[in-house]
Every structure is written in C-alpha cells, then in structure tokens.
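Peer 1: Line order of the protein sequences matches chains A and B. 1 is the number of the first residue of the first sequence in the numbering used here; add one for each residue after it. 1 is the number of the first residue of the second sequence in the numbering used here; add one for each residue after it. By construction, the Cβ of each residue, glycine as well, lies at the ideal position given by its N, Cα and C atoms.
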Amino acid sequence: MTPFIPWLLLLSALCLAQQGAEKKETPPPPPEKKEGSEPLFKKKLGYRSSKTSKESTTLGFNGIDPAGKVDQKMMATSPQTKDQDTVKLMSANRPTAADLKAFIQEGGLNSK
Amino acid sequence: MTRATAILLLAGSGGYLLQAQFGGLINKAKERVEGTKQKAKPVTDRAERAVDNFTPWSPTEEQEIGEATAAKMIAMFGVIDAPKLVRYVNLVGQSVAQYSSRQLPYRFGILDSEIVGAYGLPGGFIFITRTALEGMENEAQLAGVLGHEIVHVSERHLESQIRSKKNSAWAIEEAKSKTLPAAEYLRKKADAFVFDLFNSSLSQDKEDGADERGTLMAAQAGYAASGLLDFLKTLSVASSKPENRRAFGQLLSTHPSFEARIGRLTPIAARSSTNGKTLEARFRSTVK
Chain A
1 MTPFIPWLLL LSALCLAQQG AEKKETPPPP PEKKEGSEPL FKKKLGYRSS
51 KTSKESTTLG FNGIDPAGKV DQKMMATSPQ TKDQDTVKLM SANRPTAADL
101 KAFIQEGGLN SK
Chain B
1 MTRATAILLL AGSGGYLLQA QFGGLINKAK ERVEGTKQKA KPVTDRAERA
51 VDNFTPWSPT EEQEIGEATA AKMIAMFGVI DAPKLVRYVN LVGQSVAQYS
101 SRQLPYRFGI LDSEIVGAYG LPGGFIFITR TALEGMENEA QLAGVLGHEI
151 VHVSERHLES QIRSKKNSAW AIEEAKSKTL PAAEYLRKKA DAFVFDLFNS
201 SLSQDKEDGA DERGTLMAAQ AGYAASGLLD FLKTLSVASS KPENRRAFGQ
251 LLSTHPSFEA RIGRLTPIAA RSSTNGKTLE ARFRSTVK
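#1: Give me the chain B residues within the contact set of residue 84(A), using Cβ-Cβ distance strictly less than 8 Å, ordered along the chain.
#2: If distances are taken between C-alpha atoms only, which option among 101(A), 85(A), 72(A), 89(A) comes closest to residue 195(B)?
#3: Would you call residue 107(B) buried or exposed, if buried means 16 or more other Cβ atoms sit within 10 Å of its Cβ?
#4: Give the straight-line distance between the Cα atoms of residue 216(B) and residue 56(B), rounded to the nearest whole angstrom.
#5: Compare the C-alpha of residue 161(B) against each of 128(B), 148(B), 201(B), 140(B) and name the closest.
#6: Please tell me whether residue 80(A) has its Cβ less than 8 Å away from any Cβ of chain B.
#7: For the 8 Å Cβ check, are there 3 or more pairs between the region 226–235 of chain B and the region 97–113 of chain B?
#8: Let me know the secondary structure DSSP gives residue 281(B) once reduced to three states.
#9: Grouping DSSP H, G and I as helix and E and B as strand, with all else coil, what is residue 104(B)?
#10: Return yes when the Cβ of residue 123(B) is within less than 8 Å of the Cβ of residue 67(B), no when it is not.
#11: Against residue 282(B), what residues of chain A qualify as contacts under a CB-to-CB distance less than 7 Å, listed in chain order?
#12: Between residue 55(B) and chain A, is any beta-carbon pair separated by less than 8 Å?
#13: Would you kindly report the start and end of the unbroken beta strand (DSSP E) that includes residue 119(B)?
#14: Taking the beta strand (DSSP E) that residue 129(B) falls in, what are its first and last residues?
#15: Just checking: is the beta-carbon of residue 103(A) within a distance shorter than 8 Å of some beta-carbon in chain B?
#16: What are the boundary residues of the alpha helix (DSSP H) that residue 212(B) is part of?
#17: Taking the C-alpha atoms as reference points, what is the distance between residue 223(B) and residue 94(B)?
#18: Starting from residue 185(B), trace the alpha helix (DSSP H) both ways and give me its first and last residue.
#19: Let me check understanding here. Comparing Cα to Cα, which of 70(B), 255(B), 88(B), 61(B) lies closest to residue 140(B)?
#20: For the region 94–111 of chain B, which residues have a beta carbon sitting closer than 7 Å to at least one beta carbon of chain A?
#21: Need the endpoints of the alpha helix (DSSP H) that residue 160(B) sits in, please.
#22: Give a yes or no on whether 8 Å exceeds the smallest Cβ distance from residue 99(A) to chain B.
#23: Could you check whether residue 77(A) and residue 136(B) sit closer than 8 Å to each other, using their CB atoms as the reference points?
#24: So residue 135(B) is in the alpha helix (DSSP H); what residue range does that whole segment cover?
Right, here's the structure in full:
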C-alpha cells in the first residue's frame, strides 16, 4: 500500500495543475450591460431642460422604477408657477398660419 | 379487491377513455363558448356602453384641465428648452393636425425623459419624450407619432375611458373633491388624469384606430405613410434588448405589443402609400 502513496500524490498534483491551467484559459464572461449605461439610440440630443437647467445629456431614469413605471414620488410632483408659465409659453409660441404655410411649401407637403 | 373498488377503477378508466376519444370535441366546444363570451363582451359590459354615452367636457373645461395636466407633466419631467427644435416639432404636428377630425389649438412639447413615449392631453397639448425623438430617422416618423396622439386627443379617447370607469383615479377624485376651491379641484383633477394616463390602457380598438387614422392623416399631409410603421419597427428591435426594459416598460404596459401593432398597420400603410415624403434631410438638420 505504502509504495502507491507518492504516485497518488503526484497524480493529484497533476490534476490540480491541469484545472488551474484550464481556468486561466477560459476567457472572463462579458460584463452585463446595465440599464441606462449607454444611450438607447445612437442619436443623443444635448439640449437644456426646463427642469434641471443643465444640458440634457446625463444618463439616468429619474422617477422611473426598474419596470419602467413612473414612481409614486414623481407622480406626486406638484407644478410650480414656472411650470404654469411654460404652459402659457407653449400656447403663445404656436407657429402662425403664415409660418405653417411656409413650412409646408418648403417641404413640398400638402396644404388643406 | 372489493367490488366497489373495481367499479371505481372501471369508471375512472372509462372517463379517461372518453376524454381521450372526445377531448378534442370538448375543447373545441369550450373554445366556442369562450369565443362567444368575448364577442358578447362589448354588448354586455356596462363600462363599455357608458363610454359611448358620456357627455364630453365643455371647451372651457377641456382647456383648463389640459393646461393643469400639461403643467404637471412639465413639473414631473421638465421640457426641452430649445426654441428651434420645439418650433420644428410644432410645425410638423400642425401640418398633420390640419386633417384632424376636431380642430383644437394643438401645441407640442418635448419632455426631458429617458423613457420612450408620447402623450396626448385634453385641449390639444401633446408631448413626445426626448428619447423617442432620438430614435427617429426622419420627419415622416415624427409626423406619424404625432398623428397617433392627435387622434387620441381629437377623439377624446382617454377622457371617455376614465370618466366612465368608476374605479379610475379620475372618477374617485371627481367624487370626493367637489367641495374643494376651484384651483385645488383643478390640481386634484390633473393629478388624477396623469395617474390614469400612466396606469390605464386604452382599448385595443382605440389604439388601432389611433395608429390607422394617425397614419392616414400624416399621409394626407404629404408624408410617407410608412412613418409610424417604420418607427414601431425600430422600437420593436430596441425593446427586445433586456437592458432597455426600463425605457419601454411604461409604453408596453399601456399599449399592445409592437409586433401586433406592426401586423395591423402594415396593410394600411401599404394601401395609403402615395409617394409621400420622409424629409430626412430637414429632420437631421434640426433634430441633432
């Protein structure tokens, strides 16, 4: 029995060395892409937002839960005077009939 | 084995044989009954009948509620403050809105949000998200999406739905807020409307109708009839990636699947094709 022990030890050592080598050869799995880690589409608009007063290029889902639903905190947001003013501006800045006519002509679209 | 056990075994195996022999027939009969139930649903469903019988808001009410709701949406997300781009979106929207069944002072804004969506509010306020705009390739696609929302607004789709359902946030708020001062009442109504906007699904016929009539209006305006269809195809591909789940969760929770919409819209867009324009160059020079 005793003469086999060194051989067994040697065999075990060889097996362990082989496993180690195999582990090194296996390439690491690619990192999983995180939600919002890169733009959804290639184009990225870099305009200012009325809310943040920063350039709107930061990635992030403010007020959106992981399932994509608007969260309760966001839903509870109350409009301030500046938001009501923005609504008034939307109405005041509507293009005129002349603007629309010129736009339609420029694009070769149809006018009613 | 007792006699009773033997009878039970015989009955059991007989039942199995009957099921094996006539299972197909039984299942077909079940399907037919279910089909009849589904066909009968629109007739028997009180909520659906109420939708057809509701009294619409007066023009003043609609404008007030629209303004309050738009202010809340802006407070929640913020809007893109880029006059040239916003003007462009308004001009595209108005080009399509000329062919709307109900003329309203349509106004268009861009919400600063990472989610993909577009929203039609009472009184003619229509918003598209920044991310949705980023996914578009040309003006015809924008025209198709805005056309879809114009139809929802002009035909009062969400208004009729939430006012007819007793369990909508709107109906609950309307019942309990009547004694509040006018401004507070309006704020509560806007809260309820936005809640329902993000949490209720319109019926499939309303969504299909908005896809179809939005496409037809854009084509009448001179745009390529494939605009909305092409954009839905882009969204279908993007939404299949797991990392984009968050951007599409809200849209997909309130709308039919992109595949279903594409399937229904394809023949309509093909029939409506009249050499309409995509105006890609004008779109690219403005949306950048």
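Peer 2: The short version:
#1: Here residue 84(A) refers to the residue found at position 84 of the first sequence. Here the neighbours are 67, 71.
#2: Translated into positions along the second sequence, residue 195(B) becomes position 195. Ranking the options by Cα distance to residue 195(B), first place goes to 72(A).
#3: Sequence index remark: in the second sequence, residue 107(B) carries index 107 (1-based). Within a 10 Å sphere around the beta-carbon of residue 107(B) sit 16 or more other beta-carbons, which makes this residue buried.
#4: As a first step, residue 216(B) must be located in the second sequence, where it is residue number 216. As a first step, residue 56(B) must be located in the second sequence, where it is residue number 56. Those two C-alpha atoms are separated by around 25 Å.
#5: Stepping through the second sequence from its first residue, residue 161(B) is reached at position 161. Comparing Cα positions, the closest option is 201(B).
#6: Along the first sequence, read from residue 1 onward, the residue named residue 80(A) stands at position 80. Closer than 8 Å to some Cβ of chain B, the Cβ of residue 80(A) qualifies, so yes.
#7: Output reads no: the region 97–113 of chain B does not touch the region 226–235 of chain B.
#8: The count along the second sequence starts at 1 and reaches residue 281(B) at position 281. Looking at residue 281(B) - three-state DSSP - the assignment turns out to be helix.
#9: Taking the first residue of the second sequence as 1, we reach residue 104(B) at position 104. Coil.
#10: In the second sequence, the residue the question calls residue 67(B) occupies position 67. In the second sequence, the residue the question calls residue 123(B) occupies position 123. Their beta carbons are under 8 Å apart, which means residue 67(B) touches residue 123(B) by this criterion.
#11: Here residue 282(B) refers to the residue found at position 282 of the second sequence. Result: 107.
#12: Working through the second sequence from its first residue, we reach residue 55(B) at position 55. Judged by the 8 Å Cβ criterion, residue 55(B) is not in contact with chain A.
#13: Position 119 of the second sequence, counted from the start, is the residue given in the question as residue 119(B). Residue 119(B) -> beta strand (DSSP E) spans 118–121.
#14: For the purposes of this step, residue 129(B) is taken as residue 129 along the second sequence, with counting starting at 1. Per DSSP, residue 129(B) belongs to the beta strand (DSSP E) from 125–129.
#15: By one-based count along the first sequence, residue 103(A) stands at place 103. Cβ-Cβ to chain B under 8 Å: yes for residue 103(A).
#16: As a working note, residue 212(B) is residue 212 in the second sequence. Taken as a continuous stretch (DSSP letters only), the alpha helix (DSSP H) holding residue 212(B) covers 204–220.
#17: Looking up residue 223(B) in the second sequence gives position 223. Looking up residue 94(B) in the second sequence gives position 94. Each residue's alpha carbon lies about 13 Å from the other.
#18: If you number the second sequence from 1, residue 185(B) lands on position 185. Start and end: 182–199.
#19: Mapped onto the second sequence, residue 140(B) falls at position 140. It is 88(B).
#20: 94, 95, 98, 99, 105, 107, 109
#21: The count along the second sequence starts at 1 and reaches residue 160(B) at position 160. Per DSSP, residue 160(B) belongs to the alpha helix (DSSP H) from 157–164.
#22: By one-based count along the first sequence, residue 99(A) stands at place 99. Judged by the 8 Å Cβ criterion, residue 99(A) is in contact with chain B.
#23: For the purposes of this step, residue 136(B) is taken as the residue at position 136 of the second sequence. For the purposes of this step, residue 77(A) is taken as the residue at position 77 of the first sequence. The answer is no: Cβ separation not under 8 Å.
#24: Walking along the second sequence from the start, residue 135(B) turns up at place 135. Taken as a continuous stretch (DSSP letters only), residue 135(B) belongs to no alpha helix (DSSP H), as it is neither H nor E.
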